[in-house]
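Have a look at the structure below, then the notes.
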Amino acid sequence: MFRFIKLSTLYLFLSLVIVTFAYVGGHTYTYAYEGSQFEETWDIISSDPYSTLPHYDVSLWRFIFDPTNTLAQASMRTISNQEDILPPFRKLVHPNGICLRGIWQINRKNKYSGYFKTGSKALVIVRSSLALSYADSGHPRALGFAAKIFPTTDPLDPRQLKTANFFAVDDLTGTRIKHYTDGEMTNEPRISLRPHTALLAPIGAVSGITFLLADIMPGIRQLYPVSELGEENSNSNIVTPKWIKISASPYTIPIDEKDFRIEILRQIRENGKLSFQIAVADHQNILRQKNWQTIGHIDLIEAVVSESCDKRLHFHHPPFKITQ
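Residue numbers (this note's numbering): 25 to 348.
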């Protein structure tokens, strides 16, 4: 144990030095974001499906030494670039994913604004992913759910629409959960200590420091882009939940597949859709139990595993606001 602590401290120190230099030497991205068309975005995502499912790895080398895409550069791009589709790039933390399209709908009375407001309905593109190298059940897997909300219900809407993005993960160090649909993903994911966690110390150290350099509170992803979407004045009457939880509908019947992407494809093919509940909360007790309120659902009706899903679809992370 003592040796592990010493090694972890060394990893942390070296990571801080290396990542700081990578961060300083990286690029700052500033773009005038004009928005996207839903159907055009989906057409790009679905244009190049894989013939064989790849298994991309998550590695410390790519985080630090990749000359075209270090984790520091990727973190800055994610914070500052709002574009929905980018030229091909390698996702370093969530490389293995599947993209889905469907409807976001809020049907329960609540106090929130924007597209959390009661009666809100919009098109959505989701990327379900894993934050570690393994795609197969039985291995430690961190389940991810990134959503891009388009403020329209017409897939052929010709307008360039500015989207709102949010992110949810179940446990950053991964669990041996059997089904993707068993997960409960939130915008402030757990960090659990398990036997395999020691093996993730170098990657965890680099990731944590890099994300902290890019944003002051990387452990939670705020939801104000959703609560501001569609509001004429984003500085008044905005009410945002602190937490969101995404979980499969309780009526979902699990499908046993080693690869989560095949599991999700079968859910769509055999059931016609895959539904997730949207729950939000503002408060928690001393045991960190939150006052979850289910306010709506996401119905996903089409899925694709493709090169552009993994390497072109981009989700903008909102920078942390001290006050909302």
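Note that the Cβ used here is the ideal one computed from N, Cα and C, for glycine as well.
List the DSSP bridge partners of residue 321.
Walking along the sequence shown from the start, residue 321 turns up at place 297. 129 and 301.
CA-CA distance, residue 213 and residue 285?
Position 189 of the sequence shown holds residue 213. Position 261 of the sequence shown holds residue 285. Roughly 21 Å between the two C-alpha positions.
Tell me the rounded alpha-carbon separation between residue 180 and residue 72.
Taking the first residue of the sequence shown as 1, we reach residue 180 at position 156. Taking the first residue of the sequence shown as 1, we reach residue 72 at position 48. Cα to Cα, the separation comes out at about 21 Å.
Buried or exposed for residue 77, please, with buried defined as at least 16 other CB atoms from any protein chain shown within 10 angstroms of its CB.
Within the sequence shown, the letter at position 53 stands for residue 77. So residue 77 ends up on the exposed side.
Sort 60, 63 and 112 by Cα distance to residue 334 and report the nearest one.
By 1-based counting over the sequence shown, the position of residue 334 is 310. Residue 112 is the option with its Cα nearest to residue 334.
On the DSSP letters alone, give me the boundaries of the beta strand (DSSP E) that residue 149 sits inside.
Reading the sequence shown from its first residue, position 125 is the one you call residue 149. Residues 145-154.
Pop quiz: residue 245 and residue 211 are said to be a contact at Cβ under 8 Å. What is the actual Cβ separation, rounded to whole angstroms?
Your numbering for residue 245 matches position 221 in the sequence shown. Your numbering for residue 211 matches position 187 in the sequence shown. Residue 245 to residue 211, Cβ: 5 Å. Contact.
For residue 184, which beta-bridge partners are listed by DSSP?
Mapped onto the sequence shown, residue 184 falls at position 160. None, per the DSSP bridge assignment.
Taking three-plus beta-carbon pairs below 8 Å as touching, is the region 264-271 in contact with the region 120-129?
Touching, no, given that fewer than three Cβ pairs across the two stretches are closer than 8 Å.
What does residue 330 pair with, by DSSP beta-bridge criteria?
For the purposes of this step, residue 330 is identified with residue 306 of the sequence shown, where counting begins at 1. Paired residue(s): 73.
In three-state DSSP terms, what is residue 81?
For the purposes of this step, residue 81 is identified with residue 57 of the sequence shown, where counting begins at 1. In this structure, residue 81 counts as coil in the three-state DSSP scheme.
Using only the alpha-carbon positions, how far apart do residue 262 and residue 140 sit?
Here residue 262 refers to the residue found at position 238 of the sequence shown. Here residue 140 refers to the residue found at position 116 of the sequence shown. Answer to the nearest angstrom: the Cα atoms are 10 Å apart.
Considering only C-alpha positions, which residue in the set 145, 81, 289 and 106 is nearest to residue 249?
Counted from its first residue, the sequence shown places residue 249 at position 225. It is 106 whose Cα lies nearest to the Cα of residue 249.
Mind checking who residue 199 pairs with in its DSSP beta bridge?
Here residue 199 corresponds to residue number 175 of the sequence shown, with the count starting at 1. 165, per the DSSP bridge assignment.
So what's residue 314 in DSSP terms, helix, strand or just coil?
Residue 314 sits at position 290 when you count from the first residue of the sequence shown. Strand.
In the DSSP assignment, find the unbroken beta strand (DSSP E) run with residue 270 in it and report its ends.
Residue 270 sits at position 246 when you count from the first residue of the sequence shown. Taken as a continuous stretch (DSSP letters only), the beta strand (DSSP E) holding residue 270 covers 267-272.
Work out the CA separation of residue 203 and residue 328 for me, nearest whole Å.
Locating residue 328 in the sequence shown gives position 304, counting from the first residue. Locating residue 203 in the sequence shown gives position 179, counting from the first residue. Approximately 18 Å between the Cα atoms of the pair.
Measure from the alpha carbon of residue 173 to the alpha carbon of each residue in 302, 167, 190 and 184, then state which is nearest.
As a first step, residue 173 must be located in the sequence shown, where it is residue number 149. Cα-wise, what sits closest to residue 173 is 190.
How about residue 338 and residue 109: do their beta carbons lie closer than 8 Å?
Sequence index remark: in the sequence shown, residue 338 carries index 314 (1-based). Sequence index remark: in the sequence shown, residue 109 carries index 85 (1-based). Yes, they are a contact pair.
Between residue 127 and residue 115, how many whole angstroms is the CB-CB distance? I'm expecting something under 8 Å.
In the sequence shown, the residue the question calls residue 127 occupies position 103. In the sequence shown, the residue the question calls residue 115 occupies position 91. Between residue 115 and residue 127 the Cβ distance is about 25 Å, and since that is not below 8 Å, they are no contact.
Suppose the cutoff is 8 Å on Cβ atoms and the five residues either side in sequence are ignored; what does the same chain contact list for residue 184 look like?
The residue labelled residue 184 in the question sits at position 160 within the sequence shown. Around residue 184: 58, 59, 60 and 61.
Go ahead and pull the three-state DSSP assignment for residue 173.
Counting from one through the sequence shown, the residue named residue 173 turns up at place 149. Correct three-state label for residue 173: strand.
Does residue 278 pass the burial test, meaning 16 or more other C-beta atoms within 10 Å, or should it be called exposed?
For the purposes of this step, residue 278 is taken as the residue at position 254 of the sequence shown. Exposed.
Name, in chain order, the residues that DSSP records as bridge partners for residue 191.
Here residue 191 corresponds to residue number 167 of the sequence shown, with the count starting at 1. Bridge partners of residue 191: 170.
Only counting the same chain, and skipping five residues up and downstream in sequence, which positions put a Cβ closer than 6 Å to that of residue 48?
Counting from 1 along the sequence shown, the entry for residue 48 is found at position 24. At residue 48, the pLDDT of 36 sits below 50, so the modelled position is not reliable; the number obtained from the coordinates is stated separately. No residues qualify anywhere along the chain.
For residue 276, I'd like the list of residues in its chain whose CB is within less than 6 Å of its CB, leaving aside the five on either flank, ordered along the chain.
Start at 1 with the first residue of the sequence shown, and residue 276 comes out as number 252. Excluding residues within five positions, the ones whose Cβ falls inside 6 Å are 205.
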